[in-house]
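Novice:
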Amino acid sequence: MHLSLRFIVPLTVALALLAYLLVPLVDKLALRWWINDLDTRSELVANTLQGQLAGAIEQGSTTKVEQIFMRALQDERLYALAFCDERGKMRYSTPTYPSTLGCRPPASAEGEAHSVIRLRQGPLHVVQRPLFEGADRIGTLILVHDMSFVDRRSADTRLYLIGLFVVLGVVVSLVTVSIAHLSWRGWVAGVRSLLRGEGILQPFSRPGSSPVHPLASELRALLRELDQSRRGRDQSAIWSPEMLRNVLHEQLLGDEVLVVSNREPFIHNRDGDEITLLRPASGLVTALEPVMRACSGTWIAHGSGSADRETADARGRLRVPPDNPSYTLRRVWLSAEEERGYYNGFANEGLWPLCHIAHVRPVFRSADWEQYLRVNRRFADAVRDEVRTDDPVVLVQDYHLALVPRMIRERLPKATIIMFWHIPWPNPESFSICPWREELLEGMLGSTILGFHTRFHCQNFVETVDRHLEARIERESSTISYGGQLTRVESYPISIQWPPEWIDSQLSVSLCRAKVLRIEKLADDVLVGIGVDRMDYTKGILERFLAVERLLEVHPEFIGRFVLVQIAAPSRSSLDEYHNFEMRVRALAARINATFGRDGYEPIRLKVEHHGSQSVNEYYRAADVCIVTSLHDGMNLVAKEFVASRDDEQGVLVLSQFTGAARELPDALIVNPYHIENCADALYKALTMPTDEKRVRMRSMRRLVQEFNVYRWAGSMLLDAARLRQRQRVSARIFAHQRDAGIEA
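Residue numbers (my numbering): 79 to 823.
1. Kindly confirm or deny that the region 627 to 640 and the region 678 to 687 touch, where touching means at least three C-beta pairs closer than 8 Å.
2. Could you name the residues that DSSP lists as bridge partners for E552?
3. Quick check on the DSSP output: what are the complete beta strand (DSSP E) runs of length 3 or more inside the region 354 to 405, in order along the chain?
4. If you check the beta carbons only, do P504 and C433 fall under 7 Å apart?
5. Along the chain, where does the beta strand (DSSP E) containing A160 start, and where does it finish?
6. Would you call G690 buried or exposed, if buried means 16 or more other Cβ atoms sit within 10 Å of its Cβ?
7. Along the chain, which unbroken stretches of the beta strand (DSSP E) at least 3 residues long are found entirely within the region 730 to 772?
8. Between the region 122 to 135 and the region 209 to 217, do three or more beta carbon pairs fall short of 8 Å?
9. Under the three-state reduction of DSSP, which class applies to S287: helix, strand or coil?
10. Spell out a yes or no on whether the region 511 to 525 and the region 475 to 488 are touching, meaning 3 or more CB-CB pairs, one atom from each, closer than 8 Å.
11. Just tell me which of D351, R550 and F509 has its CA closest to the CA of F539.
12. Taking the C-alpha atoms as reference points, what is the distance between G375 and T172?
13. Are the beta-carbon atoms of R515 and H546 separated by less than 7 Å?
14. With DSSP run on the structure shown, which of helix, strand or coil describes E727?
15. From the DSSP output, in three-state form, read off L547 for me.
16. Under 8 Å by Cβ, that's how I've got N340 and D476 pegged, so tell me the actual separation to the nearest angstrom.
17. Please classify E696 as buried or exposed, where buried requires at least 16 neighbouring CB atoms within 10 angstroms.
18. Kindly indicate which residue of D386, S723, A480 and K593 has the alpha-carbon position closest to the one of M779.
19. Would you kindly work out how many angstroms separate the C-alpha atoms of F720 and Q575, rounded to a whole number?
20. What separation, rounded to the nearest whole angstrom, lies between the Cα atoms of L412 and V453?
21. Going by DSSP, which residues form a beta bridge with S171?
22. If I measure Cβ to Cβ from G138 and keep anything under 8 Å in the same chain, skipping five residues before and after, which residues do I get?
23. Checking 7 Å against the spacing of the C-beta atoms, do I572 and M713 come in under that value?
24. In chain order, what residues of the same chain have a beta carbon less than 8 Å from the beta carbon of P176, not counting five sequence neighbours either side?
25. Note down the Cα distance separating V266 from D468, rounded to an integer number of angstroms.
26. Taking just the CA atoms, how far does R489 sit from G286?
27. In the DSSP assignment, the beta strand (DSSP E) including I496 goes from what residue to what residue?
28. Rounded to whole angstroms, what's the CA-CA distance from R817 to V472? Just pull it up for me.
29. On the CB-based measure, 16 or more other CB atoms within 10 Å of its CB, does D446 come out buried or exposed?
30. DSSP has G845 in a bridge; who is on the other side?
31. What's the call for D711, buried or exposed, on a 16-neighbour Cβ count within 10 Å?
32. Taking C-alpha atoms, which residue in I220, L96, P343 and V244 lies nearest to L131?
33. Based on Cα-Cα distance, which residue from P400, E554, R408 and P403 lies nearest to D391?
34. Look up T71 in the DSSP assignment and give the residues it is bridged to.
35. Using a Cβ-Cβ cutoff of less than 6 Å, which residues in the same chain neighbour D745 once the five nearest sequence positions on both sides are dropped?
36. Using a Cβ-Cβ cut-off of 7 Å (strictly less than) and excluding sequence neighbours within five positions of R455, which residues of its own chain qualify?
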């Protein structure tokens, strides 16, 4: 005992001294990390507000400026906004803006762009950003973030560190006392084992049981994880397939990854005696296919092609892509009745219009719900059949499979389930229309992580759960606890592959333009607009045509000089609503062409047919303007595909404000598709924009699409999943050790 005390007392003093020195250092580092994070957030907010705010200020519209400010303040940490003109006079500010700051907030001691001040409201992070209208600076945007959460988290961190040192001191003291009561030979043997890297408690474990790992190794692993997490968020490197593979191998330790979706990435159809391969026009496939090439996992999807059974093995499997197989496609077979009820009925006549709020009434039938329930079980069973381990990472995609996460959780309790919802999530009042709303929410909350495109959609989902389920919601950490399961709700803005798929094989911009003009039989001086969509009532195709009509009415000099090529891939044509919509689109195009067409000239070239992705890319590169007028959209990847295709830094993007992409691409010409004159004016501005301005706008958008590409989207979700899996495994091991210790005691 005397020997033990001689060791414990100095150890206690050393640990207390270490805690005394370490806690302030951790506080300082944490503060620096949070300030860097708020600097980045401020820059993103300023870039997002730039276009709309500059226009509203130039118009002198106080109401519009206030609306823009109040929308921005929906960010949970953005506290206040203000705008000062070049003379240092306050022009606009939110009610929360501290009057003591004025137009010249105090600068930091280091002369940096930000400053941290303490007012009676608490600590505030203040950043000033110049605001431009074109090339002219019109004033300064001041962004104020609330930093009170930093104090709270620093306090939690201090408590955690102090508790850690207390536990460490107790554990080491107990180990020391135990060693002191051993024989000298046993003690020496224990030291030698420690020096050889073996667990301290290994000699005392039961025969046949696994050794207890040293507590120090657990701490090192957790610290490494925290450090890598921080560096991963702060690094500015461009994500690539290699980086994504490194995440899988280093963070997920090569864990099994499966994707589950209704749409398959490759469809085989029979055309007479031949089998043709089709890559569907789908944003989901565009985003996930390059990710699966990097992950080399298994993709489970509905086999919808007429030759799909012939090209798969007896269990519905085949290796894809055909030219360079890198992952497995497992097809699920559905009967005509199942497809009609699950896909056409409940998913596309019910959930699709419900979530898009696009002036089409959702239709819900009990028979469709029964098929939806049955097919979701089929997909969950397919996941269980395909997995090789009991704790895979499963990425469930979209509104067709809302029940699958809970079903997988029942079959594979240890699985990490990430569900991504590719379409908007409506407000609670709209979602309450669905008769099976509780069942859908319960199914989705079987996920470990639930992802949406935007923070606004996340907030709508949380409010919906709060309205319809008895769940515990932690808004600060964005988590929902339901039925003993914790689900993290997070925004992961989806994107596209970078570099683009055709970067090495595509024709030059000039050759693409010559090819498209030859195909469409257009003169060399014709200005070309491009629209690429599924034939869907949410895409704003009718509104786009009306904007072209208005442009030609107001600016007749463009008659004969401007042509809109509208590629509209057929979609869900068996549904009456889609069939009727296609007829309306064809009728409107015919009317406009009859009004303004002459001598072979037609202002609208409507192409209701599938186009390969390489052919679409050529149209992107040939166009002078790309027009995206979605009435309600989760993200819209057409906008990002157009930007990625323009390595000549030319072309203009006209983009609906109701797309998720509008929040990421403020250098596009943002329009309200319901306001036909607004869209026509944007088209005119795009067609007459100077070359230098096009270059500046396109360069900025390309930089954003490059940095926030699809690999970063997938990597962010997988990194979050890796951290959760690591925590769960450590917790399980600690619980097992405690249980074993209790049994032995």
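Where is the CB? At the ideal position from N, CA and C, for every residue including glycine.
Specialist: The short version:
1. When C-beta atoms of the region 627 to 640 are compared with those of the region 678 to 687, three or more pairs fall below 8 Å, so the two segments count as touching.
2. The residue labelled residue 552 in the question sits at position 474 within the sequence shown. Paired residue(s): T557.
3. Runs of the beta strand (DSSP E) inside the region 354 to 405: 376 to 380 and 395 to 398.
4. Taking the sequence shown and counting its residues from 1, the one referred to as residue 504 is at position 426. Taking the sequence shown and counting its residues from 1, the one referred to as residue 433 is at position 355. Pairing P504 with C433 gives a Cβ-Cβ distance under 7 Å.
5. Position 82 of the sequence shown holds residue 160. If you look at A160, you'll find it in the beta strand (DSSP E) that goes L156 to D163.
6. In the sequence shown, the residue the question calls residue 690 occupies position 612. Counting Cβ neighbours within 10 Å, G690 comes out exposed, since fewer than 16 surround it.
7. You should have 730 to 734 and 747 to 749.
8. Of all C-beta pairs linking the region 122 to 135 to the region 209 to 217, three or more are shorter than 8 Å, placing the two stretches in contact.
9. Stepping through the sequence shown from its first residue, residue 287 is reached at position 209. Low local confidence applies: a pLDDT of 39 at S287 is under 50, so the model's placement there is unreliable, and no value is given.
10. Segments in contact, yes.
11. In the sequence shown, the residue the question calls residue 539 occupies position 461. For the set D351, R550 and F509, the Cα lying nearest the Cα of F539 is the one of F509.
12. Position 297 of the sequence shown, counted from the start, is the residue given in the question as residue 375. Position 94 of the sequence shown, counted from the start, is the residue given in the question as residue 172. Annotation: G375 to T172 spans about 49 Å, alpha carbon to alpha carbon.
13. In the sequence shown, residue 515 corresponds to position 437, counting from 1. In the sequence shown, residue 546 corresponds to position 468, counting from 1. Yes, the Cβ-Cβ distance between R515 and H546 is below 7 Å.
14. Residue mapping note: residue 727 aligns to position 649 of the sequence shown, counting from 1. Residue state, collapsed to three classes: coil.
15. One-based indexing of the sequence shown puts residue 547 at position 469. Here L547 sits in coil by DSSP.
16. In the sequence shown, counting from the first residue as 1, residue 340 sits at position 262. In the sequence shown, counting from the first residue as 1, residue 476 sits at position 398. In this structure, N340 and D476 form a Cβ contact; the two beta carbons are roughly 7 Å apart against a cut-off of 8 Å.
17. Against the sequence shown, residue 696 aligns to sequence position 618. Under this definition E696 is a buried residue.
18. The count along the sequence shown starts at 1 and reaches residue 779 at position 701. In terms of Cα proximity to M779, the closest of D386, S723, A480 and K593 is S723.
19. Against the sequence shown, residue 720 aligns to sequence position 642. Against the sequence shown, residue 575 aligns to sequence position 497. The alpha-carbon of F720 is positioned some 12 Å away from that of Q575.
20. One-based indexing of the sequence shown puts residue 412 at position 334. One-based indexing of the sequence shown puts residue 453 at position 375. Each residue's alpha carbon lies about 8 Å from the other.
21. By one-based count along the sequence shown, residue 171 stands at place 93. Note: S171 sits in a beta bridge opposite A160.
22. Within the sequence shown, residue 138 is the residue found at index 60, counting from 1. Excluding sequence neighbours, G138 sits near nothing in its chain.
23. Here residue 572 refers to the residue found at position 494 of the sequence shown. Here residue 713 refers to the residue found at position 635 of the sequence shown. Yes, the pair counts as a contact, with Cβ atoms nearer than the cut-off.
24. To locate residue 176, count along the sequence shown from 1; it is residue 98. Once the five neighbours on either side are set aside, the close Cβ partners of P176 are A158, L197, Q199, L202 and V222.
25. Counted from its first residue, the sequence shown places residue 266 at position 188. Counted from its first residue, the sequence shown places residue 468 at position 390. Confidence in V266 is poor, its pLDDT being 46 and thus under 50, which makes the residue's placement unreliable; the coordinate value appears in the next sentence. Here the C-alpha atom of V266 lies approximately 42 Å from the C-alpha atom of D468.
26. The sequence position of residue 286 within the sequence shown is 208, counting from 1. The sequence position of residue 489 within the sequence shown is 411, counting from 1. With a pLDDT of 41 at G286, under the threshold of 50, the modelled position of this residue cannot be trusted; read the value that follows with caution. Approximately 30 Å between the Cα atoms of the pair.
27. If you number the sequence shown from 1, residue 496 lands on position 418. Boundaries of the beta strand (DSSP E) harbouring I496: T494 to F498, taken from the DSSP string.
28. Residue mapping note: residue 817 aligns to position 739 of the sequence shown, counting from 1. Residue mapping note: residue 472 aligns to position 394 of the sequence shown, counting from 1. It is roughly 30 Å from the alpha-carbon of R817 to the alpha-carbon of V472.
29. Here residue 446 corresponds to residue number 368 of the sequence shown, with the count starting at 1. Buried, since its Cβ has 16 or more Cβ neighbours within 10 Å.
30. Residue numbering for the chain in the displayed model covers 79 to 823; residue 845 lies beyond these limits and cannot be assessed.
31. Numbered from its first residue, the sequence shown carries residue 711 at position 633. With 16 or more Cβ atoms within 10 Å of its Cβ, D711 is classed as buried.
32. The sequence position of residue 131 within the sequence shown is 53, counting from 1. The residue among I220, L96, P343 and V244 with its C-alpha nearest the C-alpha of L131 is I220.
33. Within the sequence shown, the letter at position 313 stands for residue 391. It is R408 whose Cα lies nearest to the Cα of D391.
34. The requested residue 71 does not occur in the structure, where the chain is confined to residues 79 to 823.
35. Numbered from its first residue, the sequence shown carries residue 745 at position 667. Within the same chain, D745 has close Cβ partners R775, S778 and M779.
36. Walking along the sequence shown from the start, residue 455 turns up at place 377. Non-local beta-carbon contacts of R455 in its own chain, meaning distances under 7 Å to residues more than five positions away in sequence, involve M485 in chain order.
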